[in-house]
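Here the protein sequences come in this chain order: A and B.
With the numbering used here applied, the first sequence corresponds to residues 1 to 166, in that order.
With the numbering used here applied, the second sequence corresponds to residues 1001 to 1166, in that order.
For each residue, glycine too, the CB sits at the ideal point set by N, CA and C.
Owing to the predicted nature of the structure, the values given are computational and were not obtained by experimental measurement.
Number of protein chains: 2
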Amino acid sequence: MIDAIPGRRSIRRFTREAVSDEAVDRILDAGRWAPSGLNNQPWRFAVIRDKAVKERMASLTRYGSIIRSADVIIAVFFEQNAGYDRTKDLQTIGACIQNMLLAIHGSGLGGVWLGEILKSGVEVGSLLDAPDSCEFMAAVALGYPEGKAPEAPERKPIAELVFYRG
Amino acid sequence: MIDAIPGRRSIRRFTREAVSDEAVDRILDAGRWAPSGLNNQPWRFAVIRDKAVKERMASLTRYGSIIRSADVIIAVFFEQNAGYDRTKDLQTIGACIQNMLLAIHGSGLGGVWLGEILKSGVEVGSLLDAPDSCEFMAAVALGYPEGKAPEAPERKPIAELVFYRG
């Protein structure tokens, strides 16, 4: 697992091969195993395969070509009725997304976390008939990777990130 | 890896065995491999081993006994100067923390994400000489697990979490 974490890449181009429902559920399962404060599990999901719905989502972001190319989009929402502290709730949503990205990678699939589409959160919510209490948080595009995985964007060295050891 | 994700538990009791510096750096390394919007990598860390410092941290939360018991505390901060969108920045901090928790688990160590201590964020920051631009986000307590791992808190079934499939 420790090797898998730095081995994950953001995959933005996909083949036409279909992702099975079982694989999607395995990914959602990984997401729901994230820890949450008070075990509040504030994540909710929409699973999009329909081409027409994907096309409408694609029109809501400048990264529409990724959405069109991906076999499946998992839209992640924050159920505000389950929230207890916005800072911690957003963190735990991020933990849930990271679990899903790792499960995607571990399944031989590829995926990418799309955040720019948040600017169209209200439109995404109404497209997917999301409950009013659900706030759009991210889209995860996934499928079988096409071509070579990209290089990882460079990371700051640990020494630059740690300001205190004592 | 997919099995490791649901296999992780929140560990709150630790033996006195020391965690090596190499293990700590492997955990921080996993954290910095989280994806971030614009690759902004807004996470910063403080690594606390010193008993007196841990004791002062312990006094700032009702979960002080966990902090006292843990060999190492990794305090996670958000470098606001690196931030670009608070919602996405908090999510990516959560992804970073989750990577560290999984790396802890994958190293045969145990750890727990402590959030209640955020109420004392300013005090934690000044205790650790954090730059003013760094906002305290979470403490991760880690060490070698003592006793049997607790049961996992129950998770909602996937069917309850998915409001749309299309």
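State the DSSP-derived secondary structure class of residue i, mapped to helix, strand or coil.
i: S69 (chain A); result: helix
i: G115 (chain A); result: coil
i: I1074 (chain B); result: strand
i: R8 (chain A); result: coil
i: E1048 (chain B); result: The amino acid occupying residue 1048 (chain B) in the given sequence is Ile; Glu does not appear at that position. Of the three classes helix, strand and coil, the one that applies to I1048 (chain B) here is strand, per DSSP.
i: E154 (chain A); result: coil
i: M1137 (chain B); result: strand
i: R1032 (chain B); result: helix
i: G167 (chain A); result: Residue 167 (chain A) lies beyond the range of chain A shown here (1 to 166); nothing can be said about it.
i: D21 (chain A); result: helix
i: R1062 (chain B); result: coil
i: L1128 (chain B); result: coil
i: M57 (chain A); result: helix
i: Q1041 (chain B); result: coil
i: M100 (chain A); result: helix
i: D1089 (chain B); result: helix
i: P1002 (chain B); result: Per the sequence shown, residue 1002 (chain B) should be read as Ile rather than Pro. Three-state DSSP puts I1002 (chain B) in coil, outside helix and strand.
Spell out the partners DSSP gives residue i in its beta bridges.
i: P1145 (chain B); result: B:F1014
i: E1123 (chain B); result: According to DSSP, E1123 (chain B) bridges with nothing at all.
i: Y1164 (chain B); result: A:A46
i: E79 (chain A); result: A:C134
Which term fits residue i, buried or exposed, when burial requires 16 or more other beta carbons within 10 angstroms of its beta carbon?
i: P145 (chain A); result: buried
i: K1119 (chain B); result: exposed
i: L109 (chain A); result: buried
i: E22 (chain A); result: exposed
i: T1087 (chain B); result: buried
i: T1015 (chain B); result: exposed
i: K148 (chain A); result: exposed
i: K228 (chain A); result: As displayed, chain A neither begins before 1 nor continues past 166, which places residue 228 (chain A) out of reach and without an answer.
i: P1042 (chain B); result: buried
i: S107 (chain A); result: buried
i: P1035 (chain B); result: buried
i: R1032 (chain B); result: buried
i: A18 (chain A); result: exposed
i: A70 (chain A); result: buried
i: V1047 (chain B); result: buried
i: V124 (chain A); result: buried
i: N1081 (chain B); result: exposed
i: A52 (chain A); result: exposed
i: N99 (chain A); result: buried
i: A1058 (chain B); result: buried
i: A1159 (chain B); result: exposed
### Message
Using a Cβ-Cβ cutoff of 7 Å, what residues of the segment 69 to 82 of chain A are near chain B? List them in chain order.
### Response
Within the segment 69 to 82 of chain A, not one residue has a Cβ closer than 7 Å to any Cβ of chain B.
#### Entry: Proximal residues, the segment 1082 to 1109 of chain B versus chain A, C-beta separation under 9 Å
When CB distances to chain A are screened at a threshold of 9 Å, the residues of the segment 1082 to 1109 of chain B falling below it are D1085, R1086, T1087, K1088, D1089, L1090, Q1091, T1092, I1093, G1094, A1095, C1096, I1097, Q1098, N1099, L1101, L1102, A1103, H1105, G1106, S1107, in chain order.
### Query
What residues from the segment 48 to 59 of chain A come within 8 Å of chain B, judged by C-beta to C-beta, listed N to C?
If you check each beta-carbon in the segment 48 to 59 of chain A against every beta-carbon of chain B, the ones closer than 8 Å belong to I48, R49, D50, V53.
### Message
So if I threshold CB-CB distances at 8 Å, which residues from the segment 1126 to 1151 of chain B count as touching chain A?
### Response
Per Cβ criterion, the list reads L1128, D1129, A1130, P1131, C1134, M1137, A1138.
#### Entry: Contacting positions in the segment 14 to 37 of chain A - beta carbon closer than 7 Å to chain B
Cβ contacts with chain B come from D25, R26, L28, D29, A30, R32, W33, A34, P35, G37.
### chain B contacts made by the segment 152 to 165 of chain A, where a contact means CB separation under 7 Å
So the close ones are P153, R155, K156, I158, L161, V162, F163, Y164, R165.
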